[in-house]
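> Input: one structure, supplied below.
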Amino acid sequence: MKESTAMNAPTPHTTSPTPAAGKPSDGKSSGPGRLLITVYAIFAIAATSRAGYQIATKFSEAPVAYVLSAVAAVVYIAATISLARRGAFWYKAAVLCVSVELLGVLVIGTLSLLDSVAFPDATVWSVYGKGYLFIPVVLPVLGLIWLYRNRPSVTAARKLQRGA
Amino acid sequence: MTLDGWFYAGLVVGVLSTAICVGAALLKKGPNDITLLSVAAVELFMVVYLVSAIVRLSTGEHLAGADWEFWSYLITAAVIPIGGFYWAILERSFWSNYVLAAVGLTVIVMMARMQQIWYGGPGTPTG
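For the record, the sequence lines run as chains P and X. For the first sequence, this note's numbering gives the first residue as 1, with consecutive numbering after it. For the second sequence, this note's numbering gives the first residue as 1001, with consecutive numbering after it.
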């Protein structure tokens, strides 16, 4: 099982390459979670390429905006990984990452409206992600709802019910 | 924004693949031969486009935008169907067909961006 393919976010560590379908040991990377992680992975790639391009070619034009662009990229990568991994630590990490993401898109989105000179070129979070169909502002909200619905106590209760 | 035949070909393949995968997901079916082959078709299209871009750019045509921005889009778009494929077959629930559906859409968006870099357009830095 290769872990380094761009879209193939770190796979949950299972001993067999094909975990039994429908019997995941951790709710958040299963079912709808797989689609959520896919979208996060796409945004991790998009934000990373964009930030890399901006910093490599025209950093002096708007250093603040481009550094924030890089921050957004790191947040998406961290969110993708923590959503895909299992266990209590990664659950907390995912909540942290997605919360930072929500805060980031709201703050940067507002700043980009107030001070368009400092943000001449759209970062992923400019105008609440307008250049990306506003997905950046919807994604963390869906992420937090998903994490809440799959909080550890619920997952544990579900496992118990199944008689695991 | 200039759009050429390559874009429309990609649009058709991408939309078909996404429609097939969404349809299968709505029917609560997991990834099967049909949805996986539709994603394979997207991959095939990207490989053909990649080869054609190499040929066209080495035989006189040139990009309006930055070279390495174009190539990073192209290579990423060519890898996305493979990544989506693996991520989807790791869990064969109907949700994985939505994952496969995202492949076609993403590739269409990236094709549109590549057209901007190729022909020039809003937001394209030259160089």
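Note that the Cβ used here is the ideal one computed from N, Cα and C, for glycine as well.
For the region 1098 to 1112 of chain X and the region 1003 to 1010 of chain X, state whether three or more C-beta atom pairs, one from each stretch, are separated by less than 8 Å.
The region 1098 to 1112 of chain X is in contact with the region 1003 to 1010 of chain X.
> With a Cβ-Cβ cutoff of 8 Å, do G1084 (chain X) and T80 (chain P) count as a contact?
On the second sequence, residue 1084 (chain X) is found 84 positions in, with the first residue counted as 1. On the first sequence, residue 80 (chain P) is found 80 positions in, with the first residue counted as 1. No. Outside cutoff.
> Name the residues in the region 1016 to 1050 of chain X whose C-beta lies less than 8 Å from a C-beta of chain P; which are they?
G1030
> Give a yes or no on whether the minimum CB-CB distance between S49 (chain P) and chain X is below 8 Å.
Residue 49 (chain P) sits at position 49 when you count from the first residue of the first sequence. Under the Cβ distance rule, S49 (chain P) counts among the residues neighbouring chain X, one pair being separated by less than 8 Å.
> Is it buried or exposed, G1060 (chain X), if we count other Cβ atoms within 10 angstroms and call 16 or more buried?
As a first step, residue 1060 (chain X) is located in the second sequence; it is residue number 60 there, counting from the start. Within 10 angstroms of the beta-carbon of G1060 (chain X) lie fewer than 16 other beta-carbons, which makes it exposed.
> Assuming G1139 (chain X) contacts L1105 (chain X) under a Cβ cut-off of 8 Å, what Cβ separation, rounded to an integer in Å, is found between them?
Since the first and last residues shown for chain X are 1001 and 1127, residue 1139 (chain X) lies out of range.
> Threshold first: 4 residues or longer. Then list the alpha helix (DSSP H) segments lying entirely within the region 55 to 102 of chain P, N to C.
63 to 84
> Going by Cα to Cα distance, which pick from X:S1072, X:A1088 and X:P1081 is closest to S49 (chain P)?
By one-based count along the first sequence, residue 49 (chain P) stands at place 49. Minimum Cα distance to S49 (chain P) is reached at X:S1072.
> Which value, in whole angstroms, describes the spacing of the CA atoms of I145 (chain P) and L1057 (chain X)?
What you label residue 145 (chain P) is simply residue 145 of the first sequence in a count that begins at 1. What you label residue 1057 (chain X) is simply residue 57 of the second sequence in a count that begins at 1. Cα to Cα, the separation comes out at about 47 Å.
> I want to verify the contact list: residues of chain P whose CB lies under 9 Å from the CB of A1064 (chain X), in sequence order.
Walking along the second sequence from the start, residue 1064 (chain X) turns up at place 64. Going along chain P, no residue has its Cβ under 9 Å from A1064 (chain X), so there is no contact; the nearest lies around 15 Å.
> Can you list the residues of chain X that P152 (chain P) reaches, using a CB-CB cut of under 7 Å?
In the first sequence, residue 152 (chain P) corresponds to position 152, counting from 1. In chain order: nothing, as chain X lies at least about 20 Å away.
> For G163 (chain P), name the three-state secondary structure that DSSP assigns.
As a working mapping, residue 163 (chain P) is identified with position 163 in the first sequence. If DSSP states are grouped into helix, strand and coil, G163 (chain P) belongs with coil.
> Between S1052 (chain X) and chain P, is the shortest Cβ-Cβ distance under 8 Å, so that the two count as touching?
If you number the second sequence from 1, residue 1052 (chain X) lands on position 52. For S1052 (chain X), the answer is no, since every Cβ of chain P falls outside 8 Å of its Cβ.
> Where does T154 (chain P) land, buried or exposed, given buried means 16+ other C-beta within 10 angstroms?
One-based indexing of the first sequence puts residue 154 (chain P) at position 154. Looking at the sequence provided, one finds Val at residue 154 (chain P) rather than Thr. Exposed, because fewer than 16 other Cβ atoms sit within 10 Å of the Cβ of V154 (chain P).
> I want to verify the contact list: residues of chain X whose CB lies under 8 Å from the CB of T110 (chain P), in sequence order.
In the first sequence, counting from the first residue as 1, residue 110 (chain P) sits at position 110. Under the 8 Å cutoff, chain X gives no residues; its nearest Cβ is about 22 Å from T110 (chain P).
> Look up G1065 (chain X) in the DSSP assignment and say whether it is helix, strand or coil.
Taking the second sequence and counting its residues from 1, the one referred to as residue 1065 (chain X) is at position 65. Correct three-state label for G1065 (chain X): strand.
> Quick one: measure Cβ to Cβ for Y40 (chain P) and L83 (chain P), integer angstroms, because I've assumed they're closer than 8 Å.
What you label residue 40 (chain P) is simply residue 40 of the first sequence in a count that begins at 1. What you label residue 83 (chain P) is simply residue 83 of the first sequence in a count that begins at 1. The pair is a contact, with the Cβ atoms about 6 Å apart (cut-off 8 Å).
> Quick check: the region 1088 to 1099 of chain X against the region 1022 to 1038 of chain X, are at least 3 beta-carbon pairs closer than 8 Å?
Because the criterion of three Cβ pairs below 8 Å is met, the region 1022 to 1038 of chain X and the region 1088 to 1099 of chain X touch.
> On the criterion of 16 or more Cβ atoms from any shown chain inside 10 Å, does M1001 (chain X) qualify as buried, or is it exposed?
Looking up residue 1001 (chain X) in the second sequence gives position 1. Exposed, since its Cβ has fewer than 16 Cβ neighbours within 10 Å.
> What is the DSSP secondary structure of V117 (chain P), reduced to helix, strand or coil?
Within the first sequence, numbered from 1, the residue matching residue 117 (chain P) stands at position 117. In the structure shown, V117 (chain P) sits in coil (DSSP, three-state: anything other than H, G, I, E or B).
> According to the neighbour-count rule (16 or more other Cβ atoms, all chains shown, within 10 Å of its Cβ), is L147 (chain P) buried or exposed?
Taking the first sequence and counting its residues from 1, the one referred to as residue 147 (chain P) is at position 147. Classification for L147 (chain P): buried.
> Determine, for L114 (chain P), whether the minimum Cβ-Cβ distance to residues of chain X falls below 8 Å.
Walking along the first sequence from the start, residue 114 (chain P) turns up at place 114. It does not: the Cβ of L114 (chain P) has no partner Cβ on chain X nearer than 8 Å.
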